[in-house]
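Just so we're aligned, residue 1118 is where the sequence shown starts under my numbering, counting upward by one.
From the three backbone atoms N, C-alpha and C, an ideal C-beta is built for every residue, glycine too.
Everything on this sheet refers to the single structure shown next.
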Amino acid sequence: MDKPPPSKRPRLSMACNVCRQRKVKCDAEYPKCRNCRIRNQVCVTTDPQRPGVTGLREWLDLPAMSSNEVHPQAEATPLSHRSDGPLPTSQLTAAATAAALDEVSPVHHPFDGVSVEDGCERKKVLGGSSSQCLAKSLDVYFTAARLKPVTGFFRHGLRFAEELELPLCLSLPELPDSEVRQRYLTAFLSRIHPLYPIFHVERLKAGVEQLAALAELRHLSHENIPRLVTVYLGQTEDGDRYLLAAAGLLSHVITIPYLPAVQALLLFTIVYRGRNKEGLAWQTLGMAIRVAYTLGLHRLSGAAARRQYIHRRVWLICWSLEKMMHLESGRPMAISIEPCQPAEEDFRPEDRFLRWHVQLADYQGNISHHIYNHHPRTTRTARQILLDTARLDQELLSWANQIPSDLRPGNDIFCPKEEFHHVTFLAIQYHEAMISLHRAALIAPTATFDDEVTRYCANEPSQHRLRNGESICVNSARAIAKLSIELSEREADSQIITAGPSILACIVLGIFLMKHPGSKLRAMDLQLLKACLGYTSVQMSKHDADPRFVEGLHIMYEQISAYLQSHSKPSQQSATAQKPPPYSSLTPTLHAQAAKPVTSLPTPSAFDDITPTTWHQIEDDLRRERFASARSEVPLAGAGQFSPGLMGGVSLVDGFEDQYYPFAGYNVDELWNWMLYGESPETSV
């Protein structure tokens, strides 16, 4: 044999556990493979070579290997194992598989939280945040409609959020003149300090003037470097230049681990978040918390807290920032013990925004525990999950009701111009928490999730809000989008507001439009989605984010718009009613030719010429067929076996079940497991 054998058809890199045990072909569909949907079984993939480690369930395209591509592998083989003959087929296949595994697929198993940058070994574990799990869920709806997955584009934003390119040489730019310094300081004290009162104002002003009076900053004493970093980070118009200078001094800050270092690290966190570098902000916040622990800031309470109110406020800011960012990211926290609950005496009258922020952060922490600490091995039942969701929902509502009506989230905001971005920040955080809490209802089929609530919470007073969890999510997404657009129109953008909630709002609106293309509000929601995506793109591009990430946002809108147009065309609707949709059969025969499955999930470029399909035209007919079949207990003539899902979905042996009903057959437990991160749900298989 003088050349490698021809490549075989794409094969699975890892079948699910059930298919592996039964020794049948697994199609790698998400959220369940076809075989597991038919039998209503839990679909989990684990690596048999690494017990307990989640595997990847995806189709691998085996590229044709040229002789030039194979030779480096041969050269890397020890001499004792070399032979003069050609490489065995197994080695060629292994090499091709390894090469394919190096490429990132947009359909990685949702429980596998590793994102890889092309061409390097940069890997990060992604948390189970709402943006992550809902983006994966949106991809499920896209692939069901034969559209391009978009999460492959989102990973291009990871490196931007996690890294900052610094010059090798240390830079110490001179401080600006007195007039410019005063303008910068005024901007900081009016726009950031009311929400994050990290510093004593008079001491901050005195420190700035003291540093400005120095003739040469290179002669600055070591213990004053954290103060210099604070001054650098407080600049605005020249922010990028001073940020690079401050970041270059970070090692000097953490080697003087006292209160000024904690204050500087918190300011790093705020500045990084303002540039949508949440990954870096998470790192500096963790450093600040660990140094604060060594200073005993978490122990201050009562009279000691009143005497050292700056110390107490610094700890409360650490605590509230981490609670908020933990809900946003799903990553493990640095605060391992709960501090004393904040009391009214911890806040001055002018600290009302901080007080509301801290109180909301407490509820955000409870929601994070509710979502991220759920494990399939626990004894928490579906009823308990729903009751906990209802309890946390009422806590969020009670927090909002204590805020004056003119500033309350969900209401029109009437406040002084200089306070608008503070009020908007709190409103956006409130709506983001609501989306995180009710996100299971968003991705599930609406009617079938209602059946789950009826089954477990029919007599509970909170049942109506649970039933309308999808509406709560969508209304919160609309509110975030409107607030983001209003920020732009008022020219009130602020460092304290990131683009993350706007991206989440776009994803939520996208899922809702894909689920309900016939909604009476679809035109309004589509325009809102377009405007919010435009705002988000501007915010990301302003700080030089990867353009491929922004491209993914535009593709998401274009696909949803095309999908809605195809759904609204009468000609296409009638054509859909007259003939079965592509790759499916309403009444499959035993000898029908196997349809090309959508489950192979090709790479994004493979979708360019595919017209979107819709499933809502046949929803009622399928449901009627299912109930008619159930009443008569007689299978349809010439049809495959029907298997009703746990939540009202329909399964056809040769049909298109989850391609047209994403997440049909998922009960509350399974929806919660889908949103988990870090490990797969356990199964007895």
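No Cβ-Cβ contact shorter than 8 Å links Pro1377 with Arg1430. Annotation for Pro1664: the continuous alpha helix (DSSP H) segment containing it runs 1664–1685. An exposed status is given to Pro1466, since fewer than 16 other beta-carbon atoms sit within 10 Å of its beta-carbon. Taking C-beta separations shorter than 6 Å and ignoring five residues to either side along the sequence, the partners of Ile1677 in its chain run Gly1627, Leu1630, following chain order. Within a 10 Å sphere around the beta-carbon of Cys1286 sit fewer than 16 other beta-carbons, which makes this residue exposed. Taking all protein chains shown into account, Leu1554 has 16 or more neighbouring C-beta atoms within 10 Å of its C-beta and is therefore buried. In the three-state reduction of the DSSP assignment, Asp1567 falls in the helix class, which pools H, G and I.
Sequence-distant Cβ neighbours of Ser1588 in its own chain, meaning closer than 8 Å and more than five residues away, do not exist here. A Cβ-Cβ distance of about 4 Å is found for the pair Ala1544 and Pro1526, placing them in contact under the 8 Å criterion. The C-beta separation of Ala1460 from Cys1435 comes to about 17 Å, leaving the pair out of contact by the 8 Å criterion.
Nearest neighbour of Gln1656 by Cα position, chosen from Ile1613, Thr1372, Val1325, Ala1564, turns out to be Ile1613. Between Ile1315 and the set Ile1387, Met1641, Ala1364, the nearest pair of CA atoms involves Ile1387.
Between the beta-carbon of Val1570 and that of Leu1471 there is about 37 Å, and that puts the pair past the 8 Å contact cut. Taken in chain order, the complete beta strand (DSSP E) segments of 3 or more residues contained in the segment 1567–1603 number zero; there are none. Here the alpha carbon of Leu1397 sits roughly 7 Å from the alpha carbon of Ala1278. With fewer than 16 other Cβ atoms from the protein chains shown falling within 10 Å of its own Cβ, Val1318 counts as exposed. Contact between Val1785 and Ala1609 does not hold, since the beta-carbon distance rounds to 40 Å and is not under 8 Å. Here Tyr1547 is not near Leu1600, since their CB atoms are 8 Å or more apart. Nearest Cα to Ala1517 within the set Ser1654, Ile1597, Arg1335, Leu1477: Leu1477.
In this structure, Pro1290 is the residue among Tyr1426, Pro1290, Tyr1301 with its C-alpha nearest to the C-alpha of Gly1365. The beta carbon of Leu1402 sits closer than 8 Å to the beta carbons of Leu1382, Leu1383, Thr1386, Cys1435, Leu1438, Glu1439, Met1442, Ala1451 from its chain, once the five residues preceding and following it are set aside; these are given in chain order.
For Ala1252, same chain residues with a beta-carbon under 8 Å away, outside a window of 5 residues either side, are Val1267, Thr1268, Phe1271, Ile1624 in chain order. Nearest in C-alpha terms to Pro1618, of all of Pro1634, Leu1638, Arg1639, Cys1590, is Cys1590.
For Cys1133 against Val1161, the beta-carbon gap comes to about 6 Å, under 8 Å, which counts as contact.
Following the DSSP letters along the chain, one finds Val1297 inside the alpha helix (DSSP H) bounded by residues 1295–1308. Sequence-distant Cβ neighbours of Ala1550 in its own chain, meaning closer than 8 Å and more than five residues away, are Leu1444, Leu1477, Tyr1480, Gln1481, Ile1484, Leu1513. DSSP places Pro1618 in the helix class (H, G or I) of the three-state scheme. Within the segment 1440–1505, the runs of alpha helix (DSSP H) that reach at least 4 residues and sit entirely inside it are, in chain order, 1469–1489. Val1135 and Ile1155 have their alpha carbons spaced roughly 12 Å apart. Within the same chain, and ignoring the five residues on either side of Glu1668 in sequence, the residues whose Cβ sits closer than 7 Å to its Cβ are Phe1270. Non-local C-beta neighbours of Leu1328 in its own chain, meaning closer than 7 Å and more than five positions away in sequence, comprise Leu1292, Arg1344, Leu1345, Val1348, ordered along the chain. Ser1654 and Ser1446 have their C-alpha atoms some 20 Å from each other.
Taking the CA atoms as reference points, Arg1151 sits about 12 Å from Gly1782. Under the three-state reduction of DSSP output, Asn1518 falls in the helix class. Distances from the alpha-carbon of Asp1661 to those of Tyr1313, Leu1361, Asn1393 put Asn1393 closest.
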